[in-house]
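In what follows, a single structure is set out as structure tokens and then discussed.
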Amino acid sequence: MKPIEPKNPSKVIIIPHPQTPVKKSDPVNPEEVKTESDQKEEAKEEASEQPEK
Amino acid sequence: MKKSTDGNSIPLEDAARLSGRLAFNILFKPAGSLCNLGCDYCYYLDKSRLYGGREPRMSLEVLESVTRAYIEANDVPEVQFVWHGGEPLVVGLDFYRKAVDFQKKYADGKTIHNSIQTNGTLLSPDWAGFFRDNGFLVGLSLDGPESVHDQYRRDRGGKPTFARVMEGLRMLREHGVEFNTLTTVSKAGEGRGAEVYRFLKDAGSRYMQFLPVVEFVKDRDGDGRPLIADPSDEGVRPAEWCVSATGFGRFMTDVFDEWVRSDVGEYYVQLFDSALSAWCGLREGVCVFGRTCSGNAVVEHNGDLYVCDHFVYPEYRVGNVLETPIRTLMETEAVKRFAYRKWTSLPRECRQCAWLPACNGECPQHRRSDDGKNVLCEGYKFFFSHAAPYMDRMRKLLSEGRAPAEIINTKHIAYETD
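In order, the protein sequence lines correspond to chains A and B.
Numbers given in my numbering equal positions in the first sequence, counted from 1, plus 35.
Numbers given in my numbering equal positions in the second sequence, counted from 1, plus 105.
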């Protein structure tokens, strides 16, 4: 398995600069975590969206 | 979102949406590049040239004006003020007392947070008490044990600073100030990742940020430290203090091995948090790993706004917040172009890389290879390859509603193939 590109990049969120002091990131919500099957499903979806050559 | 048809670009409207924001961070530079230290690798010291070499200092009039404008411009209930330098403590404690007063005056129901990045050498009990009482998060620049830290972090007289920083740290701890550490990874740290990590833990740091030192320089007229080169300069060379790609990759891998063995959930390393987010399909934890450059602008002492702390060059000056509303400046085409150029300039090889969602080409400032790739590419590949099975396992734990810390004491992790 590999990292996954997030699907909701327009969400309003401030991403800190590496030189901004920060504490730990927000806790991960388990319901938002993509599983292997989610990833396979998305890969299928993306493949079907590809324009025909 | 529309698909790119050539694989190398995304439509303008999608790029604008990706970079669009209703909230943004500003790093305030109340003293510009002014600093009581003269660290060899500092990328900001030379910025005094932008302002005629004068000693910069933000006036209270500018402070009040930018405070009001910044709070008004952010459409979010919580606004973050980041104080940065140079060394932001050189403007004195009264400046920050006024800053807090102005924040209260213009908060308009919003919650205000403050963080400040300091070299720690000017801290005193008064400063520590103020930070504690006003809830400032202090980022302390500490590169590791004495022999690593003092290699490049020296004062203007060339004297080492480690002992003074540790005294500052002692004061922060004694006064119960929230702090984290910012550790640059330079040539001096190569091969010493585990040692540096253990040192930071012993020093009481639970939240750690590691920053690779990658600078390109050119000679200046006469003697002295070479100048940090502008992005457009030709005939530049890597600075002697730069960390190598493999050196950085191995450093972070060594830190990771220490962390994943016993510290997950107790100690936090920004790169690891961000990588785990990417593995879980969530947003990056730090802007350099995002697809586009997100809103992290800089306001200099006189109100000049630049697109990013790493791009404070004349060609990246957007305007002045005393003349134009901040929100207008942040929504200019120049800022949007800067944001999505991170994606559109990404080399084809990067787009096909397995680690793309976790890396996204990292900071554009580091894309200085002849092929347009990040000079740290091999280091990141080394790190992500090493961390992958552990990230897989932690994602699985999270998806089951369990804590990633359960990975501690896992004796063997076999790579889970797709």
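No residue lacks a Cβ here, since even glycine has one placed at the ideal position from N, Cα and C.
* Thinking C-beta only, is Lys-447 of chain B closer than 8 Å to Gly-477 of chain B? -> no
* **Rounded C-alpha distance that separates Arg-126 of chain B from Ala-444 of chain B** => For Arg-126 of chain B, the pLDDT reaches just 45, beneath the cut-off of 50, and the residue's location in the model is therefore unreliable, although a value from the coordinates is still provided. For Arg-126 of chain B and Ala-444 of chain B, the distance between alpha carbons rounds to 11 Å.
* Does any residue of chain B bring its CB to less than 8 Å from the CB of Lys-79 of chain A? -> no
* Excluding the 5 residues preceding and the 5 following Arg-599 of chain B in the sequence, name in chain order all residues of the same chain whose CB lies nearer than 6 Å to its CB. => No statement about residue 599 of chain B is possible, as the shown extent of chain B runs from 106 to 523 and does not include it.
* Asked: Roughly how many whole angstroms lie between the Cα atoms of Asp-378 of chain B and Ala-463 of chain B?
  -> 11 Å
* Reference Trp-346 of chain B; option with closest CA among B:Cys-144, B:Cys-140, B:Ala-128 and B:Phe-133 -> B:Cys-144
* Counting only the same chain and skipping the five closest in sequence on each side, list residues whose C-beta sits under 6 Å from that of Ser-153 of chain B. => Ser-138
* To do: Using only alpha-carbon positions, find the residue among B:Arg-432, B:His-471 and B:Thr-449 that is nearest to Ile-131 of chain B.
  => B:Arg-432
* Asked: Is it the case that the Cβ atoms of Val-253 of chain B and Val-318 of chain B are separated by a distance below 8 Å?
  -> no
* How is the beta strand (DSSP E) around Glu-183 of chain B delimited, first residue to last? -> 183-188
* **Residues, ordered as in the chain, of the stretch 297-319 of chain B that lie near chain A by beta-carbon distance below 7 Å** => Tyr-312, Gln-314 and Leu-316
* Comparing the C-beta of Glu-67 of chain A with each C-beta of chain B, is any distance below 8 Å? -> yes
* To do: Decide if Pro-419 of chain B is buried, meaning its Cβ has at least 16 other Cβ atoms within 10 Å, or exposed.
  => exposed
* Asked: Whose CA, out of B:Gly-390, B:Glu-483 and B:Asp-368, lies closest to the CA of Leu-376 of chain B?
  -> B:Gly-390
* Interface flag, His-189 of chain B vs chain A, CB-CB below 8 Å -> yes
* State yes or no: is the beta carbon of Val-391 of chain B nearer than 8 Å to at least one beta carbon in chain A? => yes
* To do: Establish whether the CB of Cys-385 of chain B and some CB of chain A are separated by less than 8 Å.
  => yes
* Please name the residue in B:Gly-329, B:Gly-273, B:Arg-311 and B:Phe-284 whose C-alpha comes closest to that of Gly-262 of chain B. => B:Gly-329
* Take every Cβ of the stretch 268-287 of chain B, pair it with every Cβ of the stretch 163-181 of chain B, and state whether three or more of those distances are shorter than 8 Å. => no
* Is the shortest distance between the beta-carbon of Arg-154 of chain B and the beta-carbons of chain A less than 8 Å? -> no
* To do: Let me know if Ala-212 of chain B comes out buried or exposed under the rule of 16 or more other beta-carbons within 10 Å of its beta-carbon.
  => exposed
* Looking at Gly-484 of chain B and the ligand SAM, is the gap between the Cβ and the nearest heavy atom below 7 Å? -> Absence of the ligand SAM is noted for the structure shown, with no ligands found whatsoever.
* Asked: Would Leu-332 of chain B pass as a contact of Asp-151 of chain B if the rule is Cβ separation under 8 Å?
  -> yes
* To do: Report the neighbours of Val-412 of chain B on chain A: residues whose CB is nearer than 8 Å to its CB, in chain order.
  => Those do not exist, as Val-412 of chain B stays about 11 Å from chain A at its closest Cβ, beyond 8 Å.
* Asked: Taking 8 Å as the CB-CB limit, is Asn-285 of chain B close to chain A?
  -> yes
* Asked: Hey, quick one: how far does the beta strand (DSSP E) through Ser-252 of chain B stretch, first residue to last?
  -> Per DSSP, Ser-252 of chain B belongs to no beta strand (DSSP E); it is in the alpha helix (DSSP H), 251-257.
* Asked: Since Arg-500 of chain B meets chain A, which of its residues come closer than 7 Å, beta carbon to beta carbon?
  -> Val-68
* Under 8 Å by beta carbon: chain A residues contacting Asn-224 of chain B -> Within 8 Å Cβ-Cβ: nothing; Asn-224 of chain B doesn't reach chain A, min ~13 Å.
* Asked: Using the beta-carbon count (16 or more within 10 Å), is Asp-338 of chain B buried or exposed?
  -> exposed
* Sorted by chain position, which residues of the same chain lie with C-beta nearer than 8 Å to Arg-303 of chain B's C-beta, five sequence neighbours on each side aside? -> Glu-363
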